[in-house]
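Report on the structure given below.
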Amino acid sequence: YQRRVRGTTSSTPMADAERRARRAAVLDSLNNASSPKKSSPKNLSRNRQAELRKVFRQFDLDDSGEIEAAELLALGQARRKLGQKSSVWDEEKNARLVKNMDASGDGLVDEKEFAEYFDSKLTQESAEFGEIMEQFMEVAKACRAKKLEDRKSSSRGSCLSPSVGSGTVWRTPDMMSSPSSALSPGQHRHDSQYCCCPWEDTCMELQEVQNMLLTELDDVKTQLGEALRDVDAIEEQRQLDVQVLTKEKEKVTREKDQVTRELKDAENEIERLKRLLKSSAGPVHTIADWGSWNQEAEGTDHRVCGARKMGETEIGNLAELQIGGDQTIVMCLRPKLGECSQAYSKCRGGEGCVSVEEDGKMRYEYGVSGKDEEPGQTFVSGFALEDQRWCHAAVVRDLGSGRLQWYLDGNKCDEVEAEHAMAAVTDCNACVGAGYDGEIRNLQVYDRALGEEELSKLYEQSGVEAMKQVDDLRRRWQGPVYTH
Numbered sequence: 003y004q005r006r007v008r009g010t011t012s013s014t015p016m017a018d019a020e021r022r023a024r025r026a027a028v029l030d031s032l033n034n035a036s037s038p039k040k041s042s043p044k045n046l047s048r049n050r051q052a053e054l055r056k057v058f059r060q061f062d063l064d065d066s067g068e069i070e071a072a073e074l075l076a077l078g079q080a081r082r083k084l085g086q087k088s089s090v091w092d093e094e095k096n097a098r099l100v101k102n103m104d105a106s107g108d109g110l111v112d113e114k115e116f117a118e119y120f121d122s123k124l125t126q127e128s129a130e131f132g133e134i135m136e137q138f139m140e141v142a143k144a145c146r147a148k149k150l151e152d153r154k155s156s157s158r159g160s161c162l163s164p165s166v167g168s169g170t171v172w173r174t175p176d177m178m179s180s181p182s183s184a185l186s187p188g189q190h191r192h193d194s195q196y197c198c199c200p201w202e203d204t205c206m207e208l209q210e211v212q213n214m215l216l217t218e219l220d221d222v223k224t225q226l227g228e229a230l231r232d233v234d235a236i237e238e239q240r241q242l243d244v245q246v247l248t249k250e251k252e253k254v255t256r257e258k259d260q261v262t263r264e265l266k267d268a269e270n271e272i273e274r275l276k277r278l279l280k281s282s283a284g285p286v287h288t289i290a291d292w293g294s295w296n297q298e299a300e301g302t303d304h305r306v307c308g309a310r311k312m313g314e315t316e317i318g319n320l321a322e323l324q325i326g327g328d329q330t331i332v333m334c335l336r337p338k339l340g341e342c343s344q345a346y347s348k349c350r351g352g353e354g355c356v357s358v359e360e361d362g363k364m365r366y367e368y369g370v371s372g373k374d375e376e377p378g379q380t381f382v383s384g385f386a387l388e389d390q391r392w393c394h395a396a397v398v399r400d401l402g403s404g405r406l407q408w409y410l411d412g413n414k415c416d417e418v419e420a421e422h423a424m425a426a427v428t429d430c431n432a433c434v435g436a437g438y439d440g441e442i443r444n445l446q447v448y449d450r451a452l453g454e455e456e457l458s459k460l461y462e463q464s465g466v467e468a469m470k471q472v473d474d475l476r477r478r479w480q481g482p483v484y485t486h
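In this note's numbering, the protein residues as written are 3 to 486.
Have a look at this one:
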């Protein structure tokens, strides 16, 4: 057993140094990988104090947990012997140092007082601080080795030396007056003052190994504490990053919503401009003058109130007259009542048709069948036209609001709900004056719904009032219908 322990401890310093170096390298790499930021001043001070605590344990020659003035004096003098310092270290300087370090005032310096004092007094430069730590460790090891040697020499002078197994009783100086305290050859005793037993060297070496393991355990605890603090810092930083990312996401969402609203507003503005442009557009088709054939004056070409008399006119299936949505048909007409006739027709079951009935009322028809013989909705005006008297009539199909309206001389007279949301677009030819007896002027077809204000302006610009006055004058100066 003695040889095994001695053989193990003889190779321990080299193995310990290599193990410590490898562990330090691994811990450094872990610290560098887990800590994205540089060490803070607080962490730097904590690392310095950890190194100073290692030195303290080496300085504490009797392992009491405190350094006495005598121990500190021996350490100071050892630095001079090793050539680390050139000045003289005496008891007066040593006493001042103990007084400065002894924060509790008990005359002893504990581990905390030692570490905090030298952390505040030594240089902050890492390289110089490391060099001083190496010097401290060198001095502490030298003092500890000297003390162990002194203990061995003291124990050799105070112990008996019979051979092991001879049956002789081993006694230490404190056993001389107490025979019951004698040790048999198979037993041993060790205390801090002297060791008088056959395994003295082994006990000393085991004590050294114990101290070294305790130091390493403290180192591991310190490193573990720093690693845990680094993990906490990383977690805290991660939470902060999550908060920042959440705020950025909310900001992007708000900006996206704002852009969406702006796009919607832009689309609405475009639609409004389209409606405005459409509302300012003129008619898609216009017939200036139209008149029916006068059977009594067939073959003649004459004008009545500026309107030329002519027969039924087929316009054709023009693209601009294929209107399935909103529509307005405006005309000035002077009908000769008596028969139902069509003033304008595209398709009664499609784009629409305007007729004058026998009693002078006007009829509008449109639908979705696409057939002229199958009309959809029929809308008859409440007013009746006067026989052979000019008027301004308009029908409005406003599918946006779902209404049909009749206007006479710029005034809205009738309104009903539209039964169909659209009109069928057909290939039927548009026609003016089918069966109609009378005159038509300024027939205009719009692909939008005109408002009351626009229709009022069209009436004012049509000249119907002047033509009505002509009709009145003609009737006033007309001769007798019979003379005998």
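A virtual CB, placed ideally from N, CA and C, is assigned to each residue, including glycine.
Query: At least three beta-carbon pairs within less than 8 Å, the region 395 to 413 to the region 441 to 452; Result: yes
Query: Which of helix, strand or coil DSSP assigns to residue 213; Result: helix
Query: Rounded C-alpha distance that separates residue 327 from residue 401; Result: 7 Å
Query: Residues that residue 267 bridges to, as DSSP identifies them; Result: Its beta-bridge partners do not exist; DSSP assigns none.
Query: Coarse secondary structure for residue 455, derived from DSSP in three states; Result: helix
Query: Stretch-stretch touch, CB-based, cutoff 8 Å, three pairs: the region 426 to 441 with the region 471 to 479; Result: no
Query: Residue interval of the beta strand (DSSP E) (run including residue 446); Result: 440 to 448
Query: For residue 69, the residue or residues it bridges with in DSSP; Result: 111
Query: Rounded separation between residue 241 and residue 115 - CA only; Result: 37 Å
Query: Complete beta strand (DSSP E) runs within the region 340 to 364 (minimum length 3 residues, chain order); Result: 343 to 349 and 354 to 358
Query: Environment of residue 227 [buried if 16+ CB atoms lie within 10 Å]; Result: exposed
Query: Opposing strand residues paired with residue 413 [DSSP bridges]; Result: 410
Query: Counterpart residues of residue 316 in DSSP-defined beta bridges; Result: 433
Query: Where the beta strand (DSSP E) containing residue 400 begins and where it ends; Result: 393 to 400
Query: Candidates 378, 266 and 120: closest to residue 52 by CA position; Result: 120
Query: Simplified DSSP state of residue 327, which is helix, strand or coil; Result: coil
Query: Validate contact between the region 132 to 149 and the region 47 to 62 using beta carbons, cut 8 Å, 3 pairs; Result: yes
Query: Contacts around residue 318, its chain only, beta-carbon distance under 8 Å, and the 5 residues preceding and following it disregarded; Result: 431 and 432
Query: Close beta carbons around residue 468, own chain, < 8 Å, minus the five adjacent residues each side; Result: none
Query: For residue 425, the nearest candidate out of 220, 275 and 349 (CA to CA); Result: 349
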